[in-house]
Structure formats: structure tokens, C-alpha cells
Amino acid sequence: MLPLRNLKRFLSKALKQPGYALGVFCRRLGANFSYALEDGLSGPPESVTLFLTHRCNLRCKMCGQWGEAGVTRKESGQTLKEELPLEQYKKLLDDLAVAGRPSITIFGGEPLLYPVCLDLVRYIKSKKMHCLMITNGSLLADVASSLVESGLDELNISLDGDALLHDQIRGLPGLFQRIMDGIKKVNVHKVLLKRTKPLINLQCTINRDNYRHLEQMLLVADQARADSLTFHNLIFLDRAALESQKAFDHVLGASSKEWEGFVFEPGIEPDILEEKRAQILSRPHTFSIDFYPNFNKNELKKYYHDSCYQPPGGNCRCLSPWLVAYVFPDGQVRPCLNSGYSFGNIKEEKFVRIWNNEKARKFREILRSNKIFPVCSRCTELYRY
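Last residue of the sequence shown? That's 387 in our numbering, and every number before it is there in order.
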């Protein structure tokens, strides 16, 4: 329901957004009950992620979509152009508003490349749903005022280090300053409009280029007047796990090709990473700091060095498909960001019917009987619930 390793993280969020946190707790309690029933049914989702566009204006080295091993860059031009019209999203949100009002995450690609992104946020908020945006931050300066006015609850911005390091990893000189200028404008407009939101959450993906310099992010977070700073352990995969997944793909009639973008060697020494972690957590700060997943020293070593790595705890299972749905630019509703398996399409059927249809129940039942799939062991969602 709530892993003990995540308790501090949850309580920190609960203090800033108590109503939202209570709703999350109740949804997760319900999901655990549904999981135990063994019939593949689930209550209303806790969260729905709208994957607005495949397009992105950056080529970040470690990205599973557009990075050095990314799969999106291999897609056809037609696939990259696919985007749902605003009216289609409005129909979906009308549907969700009477189905428990889940939290909505805006994602991509780069979501601000979707032409009416902020109109969509306004509509989400008009339906009284919590809204979070995940962005690379490059376009914030152009939309700062409108973004604050839209009522967005949380703004998750990806940063890797100081100006020199971030620009080197992201492959675009001047990007860091552009992001910081955008964050500054957002903070200025929050004051002008007398708003406390959106909360500014900085997200730092630990990777081979920055793990020796993570302390840089403390100063960056100070400068950004951030509400939180989260260091995400790198998601990566070995080839054997992806090959083992093919047996499940055959049963499901799906593809896990999106996981190809995560097949690489991490290039991270866990002992050095643990030292950095200890240093960072020992320093005073005015914002919350998390390392996620929150591993101890031995777990960290296994995570980065064990080719047969399995998550800690003998009863590890994936609860995400009972709680989360992903809506892709072609309208497909998927249980996982990197699986091609689809429950259905919102262009053809209402979400509330798709969520517990035969295909959805089949996926959950197969997953439950195996606890996790071979590609799941380092997936972020696995450690969240």
C-alpha cells in the first residue's frame, strides 16, 4: 500500500498537499484490496498519464525515447506526428470526472510542444482534478504567466547538474540558463498572481555523467526556489531480461520494444554514489530531498552491479496497472509506459469501459500470477506502491 522506504517522501508531500495525499492513500488501499481478489478488476485509477506527443526538442543522452539508445528516434514520421485533438481529451476528462477524478499527469516527449497544452491544463483544473506536468523546462520562459494562471498543481523539471554539466548531458549550449530563467519567471508570476502553485519539483536522473557531481543540484535547487529535489536512480535493462520478456509478449499478443531504449550499461560505481548520497542528505536544506528508489548501501550495489537483479523483499509485485493508465497520442490506453499492450482506444470507447474490460483484466491476472515481468525489476513504478 505504501512501502516503508517511501514513508518520508509521502509525508513530505502530504504536508504540502494534504487533500491530495489522503486521496492517494485511499486509492492505494482500494488497489491492494482489488489485487487480492484475483479477478483482474480494479477500482477507479489513482492517476492517468496523458502522453501528449512523441516530439521532443532535446536529445538527452540517457533518455529511453530520444537518447543514444532511444527507440522513438527510430519511429516513422507519421507516428511522431500523431497527437489527439483537444476535444478528444475533453471527452476523456469528462469521463474521468465522474469516475473518481484521478490525478492527471501531462507528459511526452516534451508536453509544451503540444500546441494547446495549457488549454488542456485549464480544462483539467475546471474538472477539479490534480494536475502535474513533467517537462524538460526549455520552453517555460515563453509560457510562465499562462502556466501559473492555468492552475497547474505541480511542475516537475528535469535537471542534471550545473550549467556546464546539464548542457553537456542534454546536448544544447545555453539550455540550463534558459530553464532557470523560465523557473524564475514562474516564481515571479506566482507572487504577482498570489499563487502558491505550481510547486516546483526538480528531478535529477542519476547517470554516468553526473553521479560524481550530484551535490551541484543543491545549489541549483536553492537558486530555483524549489519545493523538492528528487534524485532518480537510473532505469536500465540487460539484454537477457528483454529476451525473457518475449515469452510474456507472446501470451499477451504485445510488444515490449519500447524497453529497447533502456538496454545499456549504467557506468555507475555504487560506492561513489552512496558517498554522494550520504553527503547530500547530511547537509541542511530548505526543500525536501529524496533518492528514489530509496535503497540502502547493499541494495544500491545489487541494483547497479547484479545482472540478475531482483527487487528487495521476497513479496515484490507490480501494483501499477491497478492504479495507473497511460493514454498515448494515438488514443491507446496502456497499463505501462514501455509496453505495447493496449486495453483499448478512447477514440472508440469510453475510458470507464476500457479500464476494466476483458483485455485489462487479462493483463492484470497474468501479471499478478507472476508478480512482475522480466523487464520490471528496475522500473520506477515497481517501487512506488
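Beta carbons: idealized from backbone N, C-alpha and C, even for Gly.
Item, Value
"Beta strand (DSSP E) runs contained entirely in the stretch 116-174, provided each spans 3 or more residues", "133-137, 156-160"
"Alpha carbon of Lys-93 to alpha carbon of Phe-353, nearest angstrom", "10 angstroms"
"Anticipated Cβ contact below 8 angstroms, Asn-212 with Gly-163, distance rounded", "5 angstroms"
"Assigned secondary structure, Arg-363 (DSSP; H/G/I helix, E/B strand, else coil)", "helix"
"Residues sharing a beta bridge with Asp-403, DSSP", "With the chain covering 3 to 387 only, the question about residue 403 has no answer from this structure."
"For Cys-206, the three-state DSSP class (helix, strand or coil)", "strand"
"Nearest-angstrom beta carbon gap, Asn-189 and Ser-230 [assumed within contact, 8 angstroms]", "Not confirmed; about 14 angstroms, so no contact."
"Cutoff 7 angstroms; reference Val-50; Cβ partners in own chain excluding five residues on either side", "Leu-98, Pro-104, Ile-106, Ala-327, Val-329"
"First through last residue of the beta strand (DSSP E) which encompasses Ile-106", "105-109"
"With 16 other Cβ atoms within 10 Å as the buried cut-off, status of Asn-340", "buried"
"Phe-35, buried or exposed, once every other Cβ within 10 Å from all chains shown has been counted against 16", "exposed"
"Touching by the beta-carbon criterion (3+ pairs, under 8 angstroms), the stretch 366-375 and the stretch 110-123", "no"
"N- and C-terminal bounds of the alpha helix (DSSP H) containing Ala-226", "It is not in any alpha helix (DSSP H) - Ala-226 carries neither H nor E in the DSSP assignment."
"Close beta carbons around Val-26, own chain, < 7 angstroms, minus the five adjacent residues each side", "Glu-48"
"Beta bridge counterpart(s) of Tyr-328 as assigned by DSSP", "Thr-51, Arg-336"
"The stretch 145-154 touching the stretch 182-199, judged by at least three CB pairs closer than 8 angstroms", "yes"
"The stretch 227-245 in contact with the stretch 291-308 per 3-pair CB rule at 8 angstroms", "yes"
"Cβ-Cβ distance between Arg-172 and Leu-82 below 7 angstroms", "no"
"For Ala-101 and Gln-1, the rounded distance between their alpha carbons", "Missing from the structure shown is residue 1; the chain here goes from 3 to 387 and no further."
"Own chain partners of Leu-86 with C-beta closer than 7 angstroms, once the 5 adjacent residues on each side are dropped", "Pro-331, Gly-333"
"Per-residue burial, Asp-155 [other beta carbons within 10 Å of its own, 16 or more giving buried]", "buried"
"Leu-4 versus Glu-301 - alpha carbon distance", "Annotation note: pLDDT 47 at Leu-4 (below 50); position unreliable, coordinate value reported separately. Their backbone Cα atoms lie some 19 angstroms apart in a straight line."
"Cβ separation of Ala-362 and Phe-375, assumed to be a contact under 8 angstroms, to the nearest whole Å", "Between Phe-375 and Ala-362 the Cβ distance is about 16 angstroms, and since that is not below 8 angstroms, they are no contact."
"Unbroken alpha helix (DSSP H) run spanning Tyr-306, endpoints", "299-307"
"Local conformation of Val-265 per DSSP, three classes", "strand"
"Own chain partners of Ile-282 with C-beta closer than 7 angstroms, once the 5 adjacent residues on each side are dropped", "Leu-216, Glu-217, Leu-220, Ile-291"
"Close Cβ partners of Ser-160 (< 6 angstroms) along its chain, the five nearest in sequence each way excluded", "Asn-138, Gln-205"
"Buried versus exposed, by CB contacts within 10 Å (16 or more), Glu-260", "buried"
"Residue-level contact to chain B via CB, Arg-336, 7 angstroms cutoff", "This model lacks chain B altogether, as it is built from one protein chain only."
"Cβ pair Tyr-311, Ser-379 closer than 7 angstroms", "yes"
"Exposed unless 16 or more other CB atoms sit within 10 angstroms - verdict on Ile-274", "exposed"
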